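The block underneath contains the structure these notes are about, expressed in structure tokens.
Number of protein chains: 2
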Amino acid sequence: MSTIENNLVEGNKAYAASFTKGDLALPPSQKYTVLTCMDARIDPSAAFGIPLGAAHVIRNAGASARDAFRSLVISQQLLGTTEVLLVKHTGCGMLTFDNDTARGLVKKNKGEVAAKEVEDLDFLAFPELEEKVQEDVQWLKSKAVEEGVRVTGWIYEVETGRVRKVV
Amino acid sequence: MSTIENNLVEGNKAYAASFTKGDLALPPSQKYTVLTCMDARIDPSAAFGIPLGAAHVIRNAGASARDAFRSLVISQQLLGTTEVLLVKHTGCGMLTFDNDTARGLVKKNKGEVAAKEVEDLDFLAFPELEEKVQEDVQWLKSKAVEEGVRVTGWIYEVETGRVRKVV
Numbered sequence: 001m002s003t004i005e006n007n008l009v010e011g012n013k014a015y016a017a018s019f020t021k022g023d024l025a026l027p028p029s030q031k032y033t034v035l036t037c038m039d040a041r042i043d044p045s046a047a048f049g050i051p052l053g054a055a056h057v058i059r060n061a062g063a064s065a066r067d068a069f070r071s072l073v074i075s076q077q078l079l080g081t082t083e084v085l086l087v088k089h090t091g092c093g094m095l096t097f098d099n100d101t102a103r104g105l106v107k108k109n110k111g112e113v114a115a116k117e118v119e120d121l122d123f124l125a126f127p128e129l130e131e132k133v134q135e136d137v138q139w140l141k142s143k144a145v146e147e148g149v150r151v152t153g154w155i156y157e158v159e160t161g162r163v164r165k166v167v
Numbered sequence: 168m169s170t171i172e173n174n175l176v177e178g179n180k181a182y183a184a185s186f187t188k189g190d191l192a193l194p195p196s197q198k199y200t201v202l203t204c205m206d207a208r209i210d211p212s213a214a215f216g217i218p219l220g221a222a223h224v225i226r227n228a229g230a231s232a233r234d235a236f237r238s239l240v241i242s243q244q245l246l247g248t249t250e251v252l253l254v255k256h257t258g259c260g261m262l263t264f265d266n267d268t269a270r271g272l273v274k275k276n277k278g279e280v281a282a283k284e285v286e287d288l289d290f291l292a293f294p295e296l297e298e299k300v301q302e303d304v305q306w307l308k309s310k311a312v313e314e315g316v317r318v319t320g321w322i323y324e325v326e327t328g329r330v331r332k333v334v
């Protein structure tokens, strides 16, 4: 077992020892979804005040709405959520590269076969944060399948721990 | 502002008031990635013992490796992580439907235009949990771009709060 695996096993032992929430229902009790970035500096439950069982939490590189579309449709159409909080953040890695850079790095570090695997992959990086929050919210609102779903856009500051509303 | 938005704002105020981790680096300090489900009953930081800043956390419906591919490549190739803990869970919603059911529901509840938006969408549901953990881990390991990345598969029990290793 690796050190990382061992941390999971030990951390989980402590969690399970005082676990009392084994009877929560499958659908989120507060019927909402948080979409945020995979960034290691974000702890959504703590930073966004989400009680266990209350909300779906979707996370991907950059909190991309397009990348999260499948999960959002499932959250809303199959599990009854009606509101999305889309939270991007300051200092996001997605502000620092583009498709050419990413594909070039893969080719250089992993070789031709790996490069082939990502040649059609859109890494969905973006050059401007606030603009991208607005654009993602608009994109979601433009979908017929999202009709009736409330969508708002936010920025989390990794430097201060604060969120602010953009749209 | 909705009740949900208000919860975010109030929960975040309390979090930010005692926030002291504003100087964490962008790349995860422990160089690993947790891929798990968006399910509301999972709190990865607490249940999997992840310190703030230590690991990327990717979450989507069903903890799908295929759906997370873009984020995994970014995590590894651009931000230097070298290990993935893939954690699916008992009682997952993805065990309860298939593409036809999902598309039928969208058509019935949201109409023809919405149905058109999801007609080519693979919802990536799966009928058997343990098998799917193994299959996802194998799929990741088969990718050239994942060469040298350690990938293990786990199941989290929402009834007990415990994780166990599958592969």
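Sequence order for the protein chains is A and B.
If you count the first sequence from 1, position 44 lands on 44 in my numbering, and the numbers rise without skipping.
Each position in the second sequence, counted from 1, maps to that position plus 167 in my numbering.
Note that the Cβ used here is the ideal one computed from N, Cα and C, for glycine as well.
Bear in mind that the values here come from a model prediction, so they are computed numbers and not experimental data.
Beta-carbon contacts of residue i that lie in its chain and below 7 Å, excluding the five residues immediately before and after
i      : result
B:K274 : A282
A:S2   : none
B:V240 : V312
A:P44  : V34, T36, I50 and V57
A:A17  : none
B:F264 : A292
Nearest-angstrom beta carbon gap, residue j and residue i [assumed within contact, 8 Å]
i      : j      : result
B:G216 : B:L191 : About 17 Å; that fails the 8 Å criterion.
B:G189 : A:E159 : 4 Å
B:L307 : B:L262 : About 21 Å separates the two Cβ atoms, so there is no contact after all.
A:V57  : A:W154 : That pair is no contact at about 14 Å.
B:Q301 : A:I4   : Their Cβ separation, rounded to whole angstroms, is 20 Å, which puts B:Q301 and A:I4 out of contact at 8 Å.
B:V312 : A:K110 : 5 Å
B:G328 : A:F19  : 3 Å
Residues of its chain near residue i, where Cβ-Cβ distance is below 8 Å and the 5 sequence neighbours each way are ignored
i      : result
A:E157 : H89, T90, V163 and R164
B:L291 : A228, G229, S231, R233, D234 and M261
C-beta atoms of residue i and residue j nearer than 8 Å
i      : j      : result
A:T82  : A:P28  : no
A:C37  : A:R59  : yes
B:V201 : B:L252 : yes
B:V304 : B:V285 : no
A:Y15  : B:A222 : no
B:N266 : B:D287 : no
B:Q243 : B:V316 : yes
Same chain, Cβ closer than 6 Å to residue i, neighbours up to 5 away in sequence not counted
i      : result
A:S71  : I58
A:V113 : none
B:R208 : V325
A:K132 : F126
B:K310 : none
B:Y199 : A222, T248 and E250
B:A269 : F290
B:G271 : none
beta-carbon residue i near the ligand NAD non-hydrogen atom, thresh 7 Å
i     : result
A:L95 : By its list of ligands, the structure shown contains no ligand whatsoever, and the ligand NAD lies outside what it can speak to.
The segment 307-323 of chain B: positions lying closer than 7 Å to chain A by Cβ: Cβ proximity to chain A below 7 Å picks out K310, A311, V312, E314, R317 and T319 from the segment 307-323 of chain B.
Uninterrupted beta strand (DSSP E) stretches inside the segment 55-121 of chain A (no shorter than 3 residues): 55-60 and 83-89
Members of the segment 264-285 of chain B that neighbour chain A once the beta carbon cut-off is set at 9 Å: F264, T268, A269, L272, V273, N276, K277, G278, E279, V280, A281, A282, K283, E284 and V285
Chain-ordered residues of the segment 207-233 of chain B with a beta carbon less than 7 Å from chain A: A207, R208, D210, S212, A213, A214, F215, G216, L219, G220, A221, A222, H223, V224, I225, R226, N227 and A228
Contact list for the segment 187-201 of chain B against chain A, Cβ threshold 9 Å: T187, K188, G189, D190, L191, A192, L193, P194, P195, S196, Q197, K198, Y199, T200 and V201
Residues in the segment 235-254 of chain B having any Cβ partner in chain A nearer than 8 Å: A235, F236, R237, S238, V240, I241, S242, Q244, L245, L246, E250 and L252
Proximal residues, the segment 293-304 of chain B versus chain A, C-beta separation under 8 Å: none
Every unbroken alpha helix (DSSP H) within the segment 119-160 of chain A, with a cutoff of 4 residues, ordered by chain: 129-141
Residues from the segment 175-187 of chain B in contact with chain A, defined by Cβ distance under 9 Å: L175, V176, E177, G178, N179, K180, A181, Y182, A183, A184, S185, F186 and T187
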